[in-house]
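Colleague: In the UniProt record's numbering, the protein residues as written are 1 to 469.
#1: Where does residue 273 sit, in a helix, a strand or coil, going by DSSP?
#2: Helix or strand or just coil, what does DSSP make of residue 203?
#3: Kindly indicate the opening and closing residues of the alpha helix (DSSP H) around residue 443.
#4: Specify whether the stretch 349-360 and the stretch 179-199 touch according to this definition: at least 3 beta carbon pairs, one from each stretch, less than 8 Å apart.
#5: Hey, which unbroken runs of the beta strand (DSSP E) at 3 residues or more fall wholly within the stretch 120-148?
#6: Give the range of the beta strand (DSSP E) segment to which residue 20 is assigned.
#7: For residue 66, name the three-state secondary structure that DSSP assigns.
#8: Under the three-state reduction of DSSP, which class applies to residue 51: helix, strand or coil?
#9: Give the list of continuous alpha helix (DSSP H) stretches no shorter than 4 residues that lie fully inside the stretch 326-402.
#10: Please classify residue 320: is it buried, with 16 or more other beta-carbons within 10 angstroms of its beta-carbon, or exposed?
#11: Under a Cβ-count criterion, where at least 16 other Cβ atoms within 10 Å of its own Cβ denotes burial, should residue 304 be classed as buried or exposed?
#12: What residues match up with residue 311 in a beta bridge as DSSP calls it?
#13: Taking Cβ positions, are residue 90 and residue 124 nearer each other than 8 Å?
#14: Let me know if residue 30 comes out buried or exposed under the rule of 16 or more other beta-carbons within 10 Å of its beta-carbon.
#15: Strictly under 8 Å for the Cβ-Cβ distance: is residue 337 near chain D by that measure?
#16: Have a look at the DSSP bridge pairing and note the partners of residue 421.
#17: If you follow the alpha helix (DSSP H) that residue 170 is in, where does it begin and where does it stop?
#18: DSSP three-state label for residue 86, please.
#19: According to the Cβ coordinates, are residue 137 and residue 18 closer than 8 Å?
#20: Considering only their Cβ atoms, is the gap separating residue 146 from residue 301 smaller than 8 Å?
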């Protein structure tokens, strides 16, 4: 296991669960032969070889000498991972979101592969929901996109897949002695690379200061403390909203921003309105951590993490929506430049030296006592398919992705664009942010506000720039 993957295990505590959730709503009204849970189970049995991560479990090294290892689970039992639930009438979205929150509120056993899927029946509109819960140590957003491409098709007909080219055999649990020897060997190798990494980090820091004006750098611990930057409990809440992609693209065209900038601008506007309603003063702008894939969406990964992060001020202290958006664009461009030329990849390399006891000490003892959180929230943006996808003849209606929370960072917003809609999900802790649905309702108002402002100004005015997605 890489240090970056292992870090997501080390971050866990009784109040912090480092799993992600993918909620897929399927229209089963036209499934040939009709929908059945048994049929879906058979599908997984036939196609599990397409997604190797479903068979892997972790084995920890005695004494935390080095990172855990992955093995092919010798006791894999799909009945422990595929579950079934039914909502009481009317089976609306609010009931589904409540169920997702309950599922997010529990840890997963590390004695088996770190994933589970709950098939939710009884939804209105003749739909079935798949709540896919996967530990972040297993997969990131870019790899999740590849997984969905593997198990779904762009045609309604359920063509069977080719059988595996080789017979799968489970691995026996490695012995403690072998684990210790391998851990010591890998640790010595990592230590031999440390001097070079120290030099690269120092050079990157110097170049970063030279290339980036100080006022365009967003620094950790520079955001304010808000209601959702408080100690967490194990409970989680989940909420969703749908936004028209056409509106975001129109703002992108009229302002010369990237689509990701527009997403951040909408989130910033919603957060400002949300804080206004709760009487919070905008002395300092909120600071967002924006995950970025370091391997690219085209690397074809089916597991693991290749991810870094941009720190971006959301300028929630600025009242005018277009001014706020332009400042976000400038800060994002500076952060991207710093990441691409100096910082990119350093997080992944330094994570190889992560020690479980050190991360747990920081998470449990240091982070809760800091005067300000390192960042206020996490905002992720994942691009999905542009055409309808199918699973066993069921049309994929919508997709919502939720990420984990960290101590003092009690809000995660994740955007998944699919077809002509942007599906936005919020994960929060109900003991710090009682109803994230209120925040997502503000996203609709913030988007409408930006559309009006951008149309009023029109193209070619303000500060146009060359843009890219």
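For each residue, glycine too, the CB sits at the ideal point set by N, CA and C.
Modeller: In short:
#1: Here residue 273 refers to the residue found at position 273 when the chain shown is read from its first residue. If DSSP states are grouped into helix, strand and coil, residue 273 belongs with the helices.
#2: Here the question's residue 203 lines up with position 203 in the chain shown. Helix, per DSSP.
#3: Residue 443 sits at position 443 when you count from the first residue of the chain shown. Looking at the DSSP string, the run of the alpha helix (DSSP H) that includes residue 443 is 436-457.
#4: They touch, by the three-pair rule.
#5: You should have 127-135.
#6: Walking along the chain shown from the start, residue 20 turns up at place 20. Counting along the chain, the beta strand (DSSP E) containing residue 20 begins and ends at 19-27.
#7: Translated into the one-based positions of the chain shown, residue 66 becomes position 66. Residue state, collapsed to three classes: coil.
#8: Here residue 51 corresponds to residue number 51 of the chain shown, with the count starting at 1. DSSP, read as helix, strand or coil, puts residue 51 in coil.
#9: Segments of the alpha helix (DSSP H) lying fully in the stretch 326-402: 346-350 and 356-361.
#10: Working through the chain shown from its first residue, we reach residue 320 at position 320. With fewer than 16 other Cβ atoms within 10 Å, it is exposed.
#11: What you label residue 304 is simply residue 304 of the chain shown in a count that begins at 1. Buried.
#12: Counting from one through the chain shown, the residue named residue 311 turns up at place 311. Note: residue 311 is bridge-paired with 289 in the DSSP secondary-structure output.
#13: For this step, residue 90 is matched to residue 90 along the chain shown. For this step, residue 124 is matched to residue 124 along the chain shown. In contact: residue 90 and residue 124 (Cβ atoms closer than 8 Å).
#14: Residue numbering aside, residue 30 sits at position 30 when the chain shown is read from its first letter. Counting of Cβ neighbours within 10 angstroms places residue 30 among the exposed residues, the total staying below 16.
#15: Chain labels in this structure do not include chain D; a single protein chain is all it has.
#16: As a working mapping, residue 421 is identified with position 421 in the chain shown. Answer by DSSP bridge pairing, in chain order: 244 and 418.
#17: Here residue 170 corresponds to residue number 170 of the chain shown, with the count starting at 1. Counting along the chain, residue 170 falls outside any alpha helix (DSSP H), and DSSP gives it neither H nor E.
#18: Here residue 86 corresponds to residue number 86 of the chain shown, with the count starting at 1. DSSP places residue 86 in the strand class (E or B) of the three-state scheme.
#19: For the purposes of this step, residue 137 is taken as residue 137 along the chain shown, with counting starting at 1. For the purposes of this step, residue 18 is taken as residue 18 along the chain shown, with counting starting at 1. Against a cut-off of 8 Å, the Cβ pair of residue 18 and residue 137 comes out as a contact.
#20: Taking the chain shown and counting its residues from 1, one reaches residue 301 at position 301. Taking the chain shown and counting its residues from 1, one reaches residue 146 at position 146. With a cutoff of 8 Å on beta-carbon distance, residue 301 and residue 146 are scored as near each other.
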